[in-house]
Amino acid sequence: MTASRYPLPAWKCIVTRLLNPAISIYLITCSALSLGQDVAEFSANYQASANGIAADAQRTLQRLNGGMYRLTNSLEASLAGQVIARLEQASEFQLDDQRVIPFSYSYLLTGISSKASAINYNWDAGVALSSADDESWPLDLTEGVMDQLSHQFAFRQKILRGEFENLEFQLIDEDEIELHNYRVIGEEQLSTPLGLLKSTRLERVREDADDERRTVIWLANDWEFLLVKIEQVNRSGLRIELELENATVDGSEVTALP
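In terms of numbering that gives the first Met the number 0, the sequence shown has 137 at position 138, counting the first letter as 1, and numbering is strictly consecutive.
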């Protein structure tokens, strides 16, 4: 495919969708979390695509000092062999028993589309300062409020504890706090570039039953429920897919069923 196939506005629309936090919100690649145990560090690589535009995605988790963790997400989108956009995200948070307590979040998109946003949490004052480009908003903090990345730990904790009901999370999105709901559909063997993986299938629940947006998620049962695949359709019908290429969890390489 050549660069002349899509005018610049169309590229920007597709790239924004591909690299939007709406995608990264579902990259649930945290490693095992059990009561009384540290979370294993991990590294995972993915391929994403949307209307012929490809993106490479990487996810890493680092254990910091003082019970802190840093989760990072990076994506690089290409068209006709040229890099047209890059995304960098990071969240730092602390684990307190079963609670995830975020302290900072950052998002930077560069290329034919650009955006910068951040969240700084002041739990003592009960306020989070959310900013996007040249605007900022103070938001009241209550227990359980998180960002696009740190909420994934809370999601993982519930799944790993076998809590498949009430998968409901509060996320800061610029000047508001949104409620995101998920439900478990069932188990299936999923064909992937790595081979067959036993997976659990979930989907996001929308408030409006007529909402045409759709997000389906597959997590690897035998690999600490690592993200395997995402399929997302937005209101315009744009289909976005993301699929695991390779990963290591706590130093072990992810492999398929024998």
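C-beta atoms are modelled at their ideal positions from N, C-alpha and C, and glycine is treated no differently.
Note that the coordinates shown come from a computational prediction; the quantities given were computed from them, not determined experimentally.
Boundaries (first-last residue) of the alpha helix (DSSP H) holding residue i
i	result
F154	150 to 159
Local conformation of residue i per DSSP, three classes
i	result
W122	coil
N233	coil
N72	strand
G143	coil
V248	strand
S221	For clarity, residue 221 is Asp in the given sequence; the question names Ser instead. Here D221 sits in helix by DSSP.
R200	strand
V38	coil
S33	Any answer about S33 is weak, because its pLDDT of 37 lies below 50 and its placement is not dependable; what the coordinates show is given next. Coil at S33, not helix or strand.
E187	strand
R212	coil
R205	coil
E162	coil
R4	Residue placement at R4 is poorly supported in this model, since its pLDDT is 41, which falls under 50; the coordinates are not used for a value here.
Cutoff 6 Å; reference residue i; Cβ partners in own chain excluding five residues on either side
i	result
V215	E202, E230
G35	Because the pLDDT at G35 is just 40, under 50, the model does not fix this residue reliably, and the point stays unresolved.
E186	T199
S77	A53
R238	V232
Y120	P101, F102, A127
E175	none
W217	L189, S198, R200, V227, K228
T59	S42, T71
E240	S48, E230
L107	E87, A115
Span of the beta strand (DSSP E) around residue i
i	result
P192	Taken as a continuous stretch (DSSP letters only), P192 belongs to no beta strand (DSSP E), as it is neither H nor E.
R58	52 to 62
A79	From DSSP, A79 is part of no beta strand (DSSP E); its letter is neither H nor E.
L256	Careful: L256 lies outside any beta strand (DSSP E) and carries neither H nor E.
D172	166 to 172
A47	41 to 49
Identity of the residues DSSP links to residue i by a beta bridge
i	result
S112	Answer is none; S112 lacks a bridge partner.
Q93	M67, I100
E175	D172
I239	A49, Q231
Residue i and residue j closer than 8 Å at C-beta
i	j	result
A117	S105	yes
A127	V144	yes
P101	S149	yes
L86	S73	yes
A89	T71	yes
E253	W222	Reading off the sequence shown, one finds Val at residue 253, where the question assumed Glu. In contact: V253 and W222 (Cβ atoms closer than 8 Å).
H179	F168	yes
A84	S103	no
L225	A56	no
Q147	L166	no
Y45	E211	no
A246	F41	yes
Neighbourhood of residue i by C-beta distance below 8 Å, restricted to the same chain and skipping five residues each side
i	result
A255	T191, L193, G194, L195, L196
G65	Q93
V82	E75, A76, G110
Residues near residue i in its chain [Cβ-Cβ closer than 7 Å; skip 5 each side]
i	result
D139	G125, V126
A21	Caution applies to A21, whose pLDDT of 44 falls short of 50 and renders its modelled position unreliable; the model cannot decide the point.
A153	V99, M145, F168
R69	Q61, L63, A89, E91
K157	L166
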